[in-house]
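Quick notes on the structure that follows.
Number of protein chains: 2
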Amino acid sequence: MWHSDRVPKRVDHQERRREIAEALFRIAAAQGLQAVTLRAVAAAAGISMNLVQYYFPTKEEMLRFAWQRIAELGGERAGAGIVEALRTGDERAVLRAYLLGVLPTDERGRMLCAVQIAYFAVDVTRGGQDPDQEALLPHLVNALTDQIRQAQARQRIPAHLDARLEADTLATMTAGLLTGILVDTYDTDQATTIIDYRLDQLFSGIRAAAP
Amino acid sequence: MWHSDRVPKRVDHQERRREIAEALFRIAAAQGLQAVTLRAVAAAAGISMNLVQYYFPTKEEMLRFAWQRIAELGGERAGAGIVEALRTGDERAVLRAYLLGVLPTDERGRMLCAVQIAYFAVDVTRGGQDPDQEALLPHLVNALTDQIRQAQARQRIPAHLDARLEADTLATMTAGLLTGILVDTYDTDQATTIIDYRLDQLFSGIRAAAP
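Here the protein sequences line up with chains A and B, keeping their order.
Note that our numbering has the first sequence beginning at 175, numbered continuously upward.
Note that our numbering has the second sequence beginning at 175, numbered continuously upward.
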């Protein structure tokens, strides 16, 4: 009986923390990360300041949890497409799923990306030393490199290409497309066209033809 | 005599505005854009609040001037290399100068880029509607497209490539490298290697060989 009492309670706690993180996202997306305080988040979440502090004794702990949650949601957002692509064993589909997974496709995605940029801006002004935040781009580059090497081993991508440099070009291009979407220079369709153009080049081994 | 009285005075005014912008940059780079107030900038510039308000009646006008100054400084930073490259008539050198001109190469460059990201984050949380800020990426894409078309006309880049899409891939990749440098995922040398790798591919018309 001890376990059945305990498990639902722990789930609730985690759910409550996530609700608080969602309130934080709404504030950060609308007013920036500097507007985030325990008090403002409590108000936005419709709960007491005491309850917020029960879960997050300090603002820093709340911000750290919310950042991890953003990364987790980003992973979930991209994850389904990646898992699906991995099942096909088609490296081009896997690379495409990784890259498209970075881009926002709806209003919620845009909001989460805006919050990510807000974290990024704060991190940069502090000297770019937050190890949690630095991990996202290298992680993507490593995943892409693995897929490119695998496609090279199966002779789908020319062996003389530098897998790591190709991954660097794809990952940074997609990071730039993400920011381009947030400032409305590109829409998601245009970004997808650009990604497909580069993947066509990579997999054809010859220069892609103009449409 | 009227002109000689007047001209230096106007120069001083512009110089004073730029000093105020520099004080704003220092605050924004260290604490983010939300820490920028007329009072804080006056203190950082070592001048009176009244004098700041003489030049900038509102915080918004000060922020707008500082943004234009950042763009101007970015243009100056890249400009010398671009003018030099244009003189050679070598499109590859011009493209390279445009792209490397985006990247920070020293501490001051990093500071200005950090401030740019801070502006960007504020812009994004407001919905990405600031026409001044949106202009930077399209401007770069247009300049790159022109150079690629010119190189295609001179048969230095294969004619079947889509100049516009190639420009999109280069500009967004470089925007991603800029943020990668700010979070220390890449240093400037690595970013330069990645840019050269892509330019080699573009100009060779065949796939670049691994080093």
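Positions of the beta carbon are idealized from the N, C-alpha and C atoms, including for glycine.
Computed from a prediction, not measured in an experiment: that's the story for all the values here.
Exercise. Could you check what DSSP says for I291(A) in three-state terms: helix, strand or coil?
Key: Position 117 of the first sequence, counted from the first residue, corresponds to residue 291(A). Helix, per DSSP.
Exercise. Note down, in chain order, each residue of its chain lying with its Cβ closer than 6 Å to the Cβ of A197(A), except the 5 sequence neighbours on either side.
Key: For the purposes of this step, residue 197(A) is identified with residue 23 of the first sequence, where counting begins at 1. These residues qualify, in order along the chain: V215, A218 and A219.
Self-check item: C-alpha distance - A365(B) paired with A349(A), whole-angstrom precision
Solution: As a first step, residue 365(B) must be located in the second sequence, where it is residue number 191. As a first step, residue 349(A) must be located in the first sequence, where it is residue number 175. C-alpha separation (whole angstroms): 14 Å.
Quiz item: Under the rule that 16 or more other beta-carbon atoms within 10 Å means buried, what is A288(B), buried or exposed?
Solution: Residue numbering aside, residue 288(B) sits at position 114 when the second sequence is read from its first letter. Classification for A288(B): buried.
Quiz item: According to the neighbour-count rule (16 or more other Cβ atoms, all chains shown, within 10 Å of its Cβ), is R282(A) buried or exposed?
Solution: Within the first sequence, numbered from 1, the residue matching residue 282(A) stands at position 108. Its Cβ having fewer than 16 others within 10 Å, R282(A) is exposed.
Self-check item: Sequence-distant residues of its chain with Cβ nearer than 8 Å to I256(A) (five each side left out)
Solution: Here residue 256(A) corresponds to residue number 82 of the first sequence, with the count starting at 1. Excluding sequence positions up to five before and after I256(A), its CB lies within less than 8 Å of the CB of V268, A271, Y272 and G275, all in the same chain and listed in chain order.
Quiz item: Rounded C-beta distance between R372(B) and M347(B)? I'm assuming under 8 Å.
Solution: Stepping through the second sequence from its first residue, residue 372(B) is reached at position 198. Stepping through the second sequence from its first residue, residue 347(B) is reached at position 173. That pair is a contact at about 7 Å.
Quiz item: Is the CB of V276(A) under 8 Å away from at least one CB in chain B?
Solution: Working through the first sequence from its first residue, we reach residue 276(A) at position 102. Chain B contact via Cβ: absent.
Exercise. Name, please, each residue of chain B whose Cβ falls closer than 7 Å to the Cβ of P312(A).
Key: Locating residue 312(A) in the first sequence gives position 138, where the first residue counts as 1. Those within 7 Å of P312(A) in chain B are T359.
Quiz prompt | Min CB distance G220(A) to chain B below 8 Å | solution = Walking along the first sequence from the start, residue 220(A) turns up at place 46. Put simply, the CB of G220(A) is far from chain B, with every gap to its CB atoms at 8 Å or more.
Quiz item: Under the rule that 16 or more other beta-carbon atoms within 10 Å means buried, what is E340(B), buried or exposed?
Solution: In the second sequence, counting from the first residue as 1, residue 340(B) sits at position 166. Looking at its Cβ environment, which holds 16 or more other Cβ atoms inside 10 Å, E340(B) is buried.
Quiz item: In chain order, which continuous runs of the alpha helix (DSSP H) of length 4 or greater are located wholly inside the stretch 225–275 of chain A?
Solution: 233–262
Exercise. With a 10 Å radius around its C-beta and 16 neighbouring C-beta atoms as the bar for buried, classify T343(A) as buried or exposed.
Key: Within the first sequence, the letter at position 169 stands for residue 343(A). Under this definition T343(A) is a buried residue.
Practice problem: For E265(B), count neighbouring C-beta atoms within 10 Å of its own C-beta (all shown protein chains included) and say buried if the count is 16 or more, exposed if not. | Solution: Locating residue 265(B) in the second sequence gives position 91, counting from the first residue. By the Cβ-count criterion, E265(B) is buried, with 16 or more other Cβ atoms from all chains shown falling within 10 Å of its own Cβ.
Quiz prompt | Residue-level contact to chain A via CB, Q208(B), 8 Å cutoff | solution = Numbered from its first residue, the second sequence carries residue 208(B) at position 34. With 8 Å as the cut-off, Q208(B) counts as an interface residue toward chain A.
Quiz item: Could you give the distance in angstroms between the alpha-carbon of L286(A) and the alpha-carbon of T319(B)?
Solution: Walking along the first sequence from the start, residue 286(A) turns up at place 112. Walking along the second sequence from the start, residue 319(B) turns up at place 145. If you take the alpha carbons of L286(A) and T319(B), they lie about 32 Å apart.
Quiz item: Just how far apart, CA to CA, sit G253(B) and A202(A)?
Solution: Mapped onto the second sequence, residue 253(B) falls at position 79. Mapped onto the first sequence, residue 202(A) falls at position 28. Computed Cα separation, rounded: 36 Å.
Practice problem: Whole angstroms is fine: what's the gap from Q324(B)'s alpha carbon to Q375(B)'s? | Solution: For the purposes of this step, residue 324(B) is taken as residue 150 along the second sequence, with counting starting at 1. For the purposes of this step, residue 375(B) is taken as residue 201 along the second sequence, with counting starting at 1. If you take the alpha carbons of Q324(B) and Q375(B), they lie about 17 Å apart.
Practice problem: Please specify which runs of the alpha helix (DSSP H), each continuous and at least 4 residues long, are wholly inside the stretch 327–385 of chain B, giving them in chain order. | Solution: 337–356 and 362–378
Quiz prompt | Residues near R192(A) by beta carbon distance below 7 Å, same chain, minus five either side | solution = In the first sequence, residue 192(A) corresponds to position 18, counting from 1. Closer than 7 Å at the Cβ level, and outside the excluded window around R192(A), lie R243.
Practice problem: Please check if any C-beta of chain B sits within less than 8 Å of the C-beta of R371(A). | Solution: Translated into the one-based positions of the first sequence, residue 371(A) becomes position 197. Contrary to the premise, residue 371(A) reads as Tyr rather than Arg in this sequence. Yes, its Cβ sits closer than 8 Å to a Cβ of chain B.
Quiz item: If you follow the alpha helix (DSSP H) that V215(A) is part of, which residue opens it and which one closes it?
Solution: The residue given as residue 215(A) occupies position 41 in the first sequence. Its alpha helix (DSSP H) spans residues L212 to A219.
Quiz prompt | Minimum C-alpha distance to T367(B) - residue among D336(A), Q208(A), K233(A) and L247(A) | solution = Position 193 of the second sequence, counted from the first residue, corresponds to residue 367(B). If we check each option's Cα against that of T367(B), D336(A) comes out closest.
Quiz prompt | Residues within the stretch 321–342 of chain B neighbouring chain A, beta-carbon criterion of under 7 Å | solution = P332, H334, L335, D336, L339 and D342
Practice problem: Count the other C-beta atoms from every protein chain shown that fall within 10 angstroms of the C-beta of T262(A), then say buried if there are 16 or more, exposed otherwise. | Solution: Numbered from its first residue, the first sequence carries residue 262(A) at position 88. Classification for T262(A): exposed.
Self-check item: Proximity winner among R190(A), E258(A) and P312(A), relative to M236(A) (alpha-carbon distances)
Solution: Taking the first residue of the first sequence as position 1, residue 236(A) is located at position 62. Nearest option by C-alpha distance: R190(A).
Quiz prompt | H187(A) versus D361(A), Y229(A), Y293(A) and G249(A), residue with shortest Cα-Cα distance | solution = Within the first sequence, the letter at position 13 stands for residue 187(A). Answer by Cα proximity: Y229(A).
Practice problem: Tell me whether G283(B) sits in a helix, a strand or coil according to DSSP, three-state version. | Solution: Here residue 283(B) is taken as the residue at index 109 of the second sequence, counted from 1. Per DSSP, reduced to three states, the secondary structure at G283(B) is helical.
Quiz item: Run through DSSP, which three-state label would D179(A) get?
Solution: Numbered from its first residue, the first sequence carries residue 179(A) at position 5. Only weak support exists for where D179(A) lies, its pLDDT of 49 falling under 50; the value from the coordinates is given anyway. Reduced to three states, the DSSP call for D179(A) is helix.
Practice problem: Could you tell me the distance, in whole angstroms, from the CA atom of T232(B) to the CA atom of D297(B)? | Solution: In the second sequence, residue 232(B) corresponds to position 58, counting from 1. In the second sequence, residue 297(B) corresponds to position 123, counting from 1. Those two C-alpha atoms are separated by around 18 Å.
Exercise. Answer yes or no: the CB of M285(B) versus the heavy atoms of the ligand NAD, is any distance below 7 Å?
Key: This structure lacks the ligand NAD, and indeed carries no ligand of any kind.
Quiz item: If we ignore side chains and look at the alpha-carbon of each, how far apart do I291(A) and A327(A) end up?
Solution: Working through the first sequence from its first residue, we reach residue 291(A) at position 117. Working through the first sequence from its first residue, we reach residue 327(A) at position 153. Going from the Cα of I291(A) to the Cα of A327(A) covers about 37 Å.
Quiz item: Taking DSSP as the reference, what is the three-state secondary structure of L277(B)?
Solution: Mapped onto the second sequence, residue 277(B) falls at position 103. L277(B) sits in coil when the DSSP states are folded into three classes, being neither helix nor strand.
Quiz item: Is R284(A) buried or exposed, if buried means 16 or more other CB atoms sit within 10 Å of its CB?
Solution: On the first sequence, position 110 is the one that residue 284(A) refers to. That one is buried.
Exercise. Please name the residue, chosen from R238(A), Q321(A) and F294(A), that lies closest to A259(A) on a Cα-to-Cα basis.
Key: On the first sequence, position 85 is the one that residue 259(A) refers to. Selected option, being the one with the closest Cα: Q321(A).
Quiz item: Applying the criterion that 16 or more other CB atoms from any shown protein chain within 10 Å of the CB defines a buried residue, is G249(A) buried or exposed?
Solution: In the first sequence, counting from the first residue as 1, residue 249(A) sits at position 75. Exposed is the call here.
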